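Using numbering that gives the first Met the number 0, read the sequence shown as starting at 0 and increasing by one per residue. All C-beta atoms in this analysis are idealised placements derived from N, C-alpha and C, irrespective of residue type, glycine included. In this text the structure is predicted, and so the values were computed from the model without any measurement.
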Amino acid sequence: MLERITGPRDLDALTPEECVELAADIRAFLIAEVSKTGGHLGPNLGVVELTIALHRVFDSPNDPIVWDTGHQSYVHKLLTGRKDFSDLRKRGGLAGYPQRAESVHDVVESSHASSSLSWADGISRAFASTGKQDRHVVAVVGDGALTGGMTWEALNNITDDNDRNLIIVVNDNGRSYAPTIGGMARFLNGVRVTGGYRDLQEGSERLFNNFGAAGRTVYRAARGALRGFVSRASGNQDLYANLDIKYVGPVDGHDLAAVEVALKQAKGYGRPALVHVITEKGRGYAPAVNDEADQFHAIGQINPDNGAPLASSSERGWTSVFREEIVALAHKNPKLVGITGAMLRPTGLDAFAQAYPQRVYDVGIAEQHAVTTAAGLAYGGLHPVVAIYATFMNRAFDQVLMDVGLHRAGVTFVLDRAGITGPDGASHNGVWDLAMLQIVPGIRIAAPRDEATLRETLREAVAVEDAPTVVRYPKGSVGEPLPGLWRTADGVDVLYAAGQTAEPAAGPLAVSADVLFVAVGPMTRTALDAAAILAEQGITSTVIDPRWVIPVMRSVVDLAATHRLVVSIEDGLRVGGVGTTIRQELREAGVDTAVSELGTPYEYLEHASRDELLEDAGLTAPQIAAEIVEQVRGTRLPAARPE
0 MLERITGPRD LDALTPEECV ELAADIRAFL IAEVSKTGGH LGPNLGVVEL TIALHRVFDS
60 PNDPIVWDTG HQSYVHKLLT GRKDFSDLRK RGGLAGYPQR AESVHDVVES SHASSSLSWA
120 DGISRAFAST GKQDRHVVAV VGDGALTGGM TWEALNNITD DNDRNLIIVV NDNGRSYAPT
180 IGGMARFLNG VRVTGGYRDL QEGSERLFNN FGAAGRTVYR AARGALRGFV SRASGNQDLY
240 ANLDIKYVGP VDGHDLAAVE VALKQAKGYG RPALVHVITE KGRGYAPAVN DEADQFHAIG
300 QINPDNGAPL ASSSERGWTS VFREEIVALA HKNPKLVGIT GAMLRPTGLD AFAQAYPQRV
360 YDVGIAEQHA VTTAAGLAYG GLHPVVAIYA TFMNRAFDQV LMDVGLHRAG VTFVLDRAGI
420 TGPDGASHNG VWDLAMLQIV PGIRIAAPRD EATLRETLRE AVAVEDAPTV VRYPKGSVGE
480 PLPGLWRTAD GVDVLYAAGQ TAEPAAGPLA VSADVLFVAV GPMTRTALDA AAILAEQGIT
540 STVIDPRWVI PVMRSVVDLA ATHRLVVSIE DGLRVGGVGT TIRQELREAG VDTAVSELGT
600 PYEYLEHASR DELLEDAGLT APQIAAEIVE QVRGTRLPAA RPE
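Written out as structure tokens, the structure is:
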């Protein structure tokens with residue numbers, strides 16, 4: 000059946016039995032293909048029937064479908080003609096999220112949650128304003144995304160101007176799989192979305208309004224009583240009734256006929272409507288359904304027969320180190336508390352929550368709320384550790400600036416997946432945090448290079464009670480230890496110095512060379528490799544790791560003065576990054592050493608491997624060394640200072 004589908008309109012001619020066969024084909028395809036490449040398997044197995052129904056009832060792209068967050072769009076890709084999953088999430092292959100360059104059926108590319116209703120609000124307003132009354136807008140939002148504040152801001156505005164063709168589909172795939180609601184609920188759903196019901200409601204309201212305040216009171220009481228009856232009979236907890244958005248459901252999301260009926264009812268209503276669909280994450284694949292952790296939300300390469308990983312790495316990851324250290328710190332410090340936004344296990348706070356369940360708060364996909372709550376917890380005498388992915392820190396910048404920074408709150412932000420992450424594409428690369436957060440007055444930002452410095456900087460961070468602190472680290476393996484030769488008085492580690500094996504007798508700053516590498520976190524290894532290449536060509540260098548990259552330590556400035564060229568390397572945006580701040584600090588101190596600021600380019604990075612993106616950015620050791628040779632020779636700007 001799947002081979003017959005080249006676009007959404009091919010679905011129109013299918014019989015109900017053929018649709019069931021198609022759903023089975025799609026699940027078999029996803030299990031076979033995603034197990035080879037890795038990706039978001041569980042969520043997509045759960046939306047097969049829903050996606051088929053959406054494309055049968057609505058006419059994409061004339062009726063745009065907005066996916067929130069987009070990780071459950073694999074079925075949508077298949078039904079819109081994209082069946083080559085062999086290079087999923089790899090350079091040149093399909094993206095793991097909707098992407099406009101792939102298809103006109105993809106509308107929103109950002110994979111940050113809770114924004115779909117605002118998109119749908121804007122699109123539907125535009126259609127209404129330009130006379131396109133025949134076009135509908137559908138937003139598919141997961142139940143988790145409903146915890147995001149933007150969702151409720153959008154709902155507030157949708158109900159304020161609700162004469163539009165806008166359908167909200169809540170894909171509720173919680174662990175508690177609800178049974179299908181019976182005939183009474185289906186009957187009530189049909190009644191509530193008919194034009195006659197709407198006309199009766201509006202006519203009754205006008206009639207009672209003619210009797211003044213008393214009439215309006217009677218109308219509100221009668222409508223409230225009816226609303227309560229409908230809520231109790233249908234299972235709807237009256238969540239959306241006061242928003243003037245018609246509620247249809249709950250609907251069994253794996254009963255294709257029922258989902259189609261519900262969507263057609265919502266489509267025919269002519270006003271904003273919400274369809275509540277209950278689905279099962281990992282549907283049809285026992286290893287996913289039985290996975291207690293996250294039902295195969297995101298996987299690497301697996302054996303499709305049993306779901307077992309094909310390759311289990313014995314290398315320790317950055318998240319694992321944080322998971323251990325935060326528990327150790329919590330044992331010693333009863334004021335330490337943890338906060339995350341629906342990322343308890345991915346960020347490593349799960350062990351803390353298991354050890355001290357009353358001291359860890361998962362606030363859902365609500366990063367803004369998490370940050371301001373942390374400010375309140377700090378005011379109350381606790382030290383919050385907010386652990387989230389670096390890319391999601393963008394969503395709460397105002398709260399960091401005004402609620403934490405302005406109030407000098409002792410809050411520690413732990414940013415996982417910082418820097419280039421790769422396969423998940425533009426909105427998941429955590430390259431913005433260094434440039435963004437360092438403009439907060441008084442903030443302190445650490446970028447550990449290995450396991451020891453992660454543990455060390457985390458201990459130092461939670462000891463700061465009068466300013467926000469940040470500890471950021473990348474995705475993946477933490478790698479081998481990188482011990483320093485010596486440490487300056489203000490905490491900067493010297494890892495390599497030409498001709499030196501220990502701290503000079505004249506003091507920790509008594510070192511000079513052609514090039515001073517200032518390496519940020521994981522880029523330390525790259526700097527050491529580049530220094531080795533330069534040494535083969537007779538160019539001397541020093542490699543330092545500031546550990547705390549913001550504020551710039553005085554020893555960094557002093558060491559820069561004794562070198563001909565400073566090269567900063569960071570896996571974050573080079574525009575406004577750490578290198579820019581170092582250059583500014585040198586100028587203020589009257590140090591005229593040129594600074595070459597290396598980092599990620601001023602652009603959105605497409606999905607590819609981390610190594611591919613680093614090479615694109617010129618952040619490999621051979622590329623860096625080749626540029627420095629030209630700078631030392633004076634044939635490339637910024638040129639090294641003369642010897």
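Leaving out five residues before and five after residue i in sequence, what residues of the same chain have Cβ atoms less than 6 Å from its Cβ?
i, result
"residue 72", "66 and 97"
"residue 68", "110 and 112"
"residue 33", "40"
"residue 528", "620"
"residue 167", "138 and 273"
"residue 502", "485"
"residue 509", "503"
Taking the C-alpha atoms as reference points, what is the distance between residue i and residue j?
i, j, result
"residue 522", "residue 290", "36 Å"
"residue 225", "residue 155", "In this predicted model, residue 225 has a pLDDT of only 42, less than 50, meaning its place in the structure is not dependable; the value taken from the coordinates is given anyway. Each residue's alpha carbon lies about 23 Å from the other."
"residue 554", "residue 547", "12 Å"
"residue 384", "residue 364", "16 Å"
"residue 323", "residue 350", "8 Å"
"residue 517", "residue 94", "34 Å"
"residue 126", "residue 132", "7 Å"
"residue 532", "residue 621", "7 Å"
"residue 273", "residue 343", "29 Å"
"residue 87", "residue 38", "8 Å"
"residue 600", "residue 387", "24 Å"
"residue 266", "residue 164", "7 Å"
"residue 199", "residue 264", "Unreliable placement is indicated for residue 199, whose pLDDT of 46 sits below 50; the coordinate value is still reported in the next sentence. Distance between the alpha carbons of residue 199 and residue 264: 17 Å."
"residue 246", "residue 277", "14 Å"
"residue 78", "residue 3", "10 Å"
"residue 473", "residue 561", "31 Å"
"residue 347", "residue 632", "47 Å"
"residue 91", "residue 275", "36 Å"
"residue 642", "residue 568", "23 Å"
Considering only residues of the same chain and omitting the five flanking positions on each side of residue i, which have a CB-CB separation below 8 Å?
i, result
"residue 231", "Confidence is the limiting factor: at residue 231 the pLDDT is only 42, short of 50, which leaves the residue's position unreliable, though a coordinate-based value still follows. Counting only Cβ-Cβ distances below 8 Å, and skipping sequence neighbours, we find nothing."
"residue 223", "Low per-residue confidence applies at residue 223: pLDDT is 45, beneath 50, and the placement is therefore not dependable, though the value from the model is reported in the following sentence. Cβ neighbours of residue 223 beyond the five flanking positions: none."
"residue 475", "316, 317 and 609"
Since residue i is in the alpha helix (DSSP H), which residue starts that stretch and which ends it?
i, result
"residue 338", "From DSSP, residue 338 is part of no alpha helix (DSSP H) but of the beta strand (DSSP E) over 335-339."
"residue 124", "115-128"
"residue 268", "255-268"
"residue 25", "15-36"
"residue 167", "Unbroken run through residue 167 is the beta strand (DSSP E), 165-171; no alpha helix (DSSP H)."
"residue 373", "366-378"
"residue 75", "73-78"
"residue 349", "349-354"
"residue 159", "148-159"
"residue 273", "Run containing residue 273: none in the alpha helix (DSSP H); it sits in the beta strand (DSSP E), 272-277."
"residue 56", "47-56"
"residue 65", "Run containing residue 65: none in the alpha helix (DSSP H); it sits in the beta strand (DSSP E), 64-67."
Please list the terminal residues of the continuous beta strand (DSSP E) segment that includes residue i.
i, result
"residue 141", "136-141"
"residue 643", "Shown here, the chain extends from 0 to 642; a query on residue 643 therefore has no answer."
"residue 329", "No beta strand (DSSP E) holds residue 329; the alpha helix (DSSP H) holding it covers 317-331."
"residue 513", "512-518"
"residue 246", "245-251"
"residue 431", "Here residue 431 belongs to no beta strand (DSSP E), and DSSP marks it neither H nor E."
"residue 4", "Taken as a continuous stretch (DSSP letters only), residue 4 belongs to no beta strand (DSSP E), as it is neither H nor E."
"residue 648", "Nothing about residue 648 can be reported from this structure: the residues present for the chain run from 0 to 642 only."
"residue 359", "359-361"
"residue 648", "The chain is shown from 0 up to 642; residue 648 falls before or after that span and cannot be answered."
What residues in its chain sit with their C-beta under 7 Å from that of residue i, if we drop five residues either side in the sequence?
i, result
"residue 551", "580, 581 and 584"
"residue 460", "411, 445, 468 and 470"
"residue 530", "495, 516, 540 and 542"
"residue 81", "93, 101 and 102"
"residue 377", "383, 408, 409 and 410"
"residue 292", "344"
"residue 605", "424 and 425"
Determine which residues share a DSSP beta bridge with residue i and list them.
i, result
"residue 486", "492"
"residue 298", "38"
"residue 387", "414"
"residue 443", "468"
"residue 382", "335"
"residue 476", "316"
Minimum length 3: unbroken beta strand (DSSP E) runs contained in the region 390-424: 411-415
Threshold first: 3 residues or longer. Then list the beta strand (DSSP E) segments lying entirely within the region 525-609, N to C. 540-544, 547-549, 562-572 and 593-599
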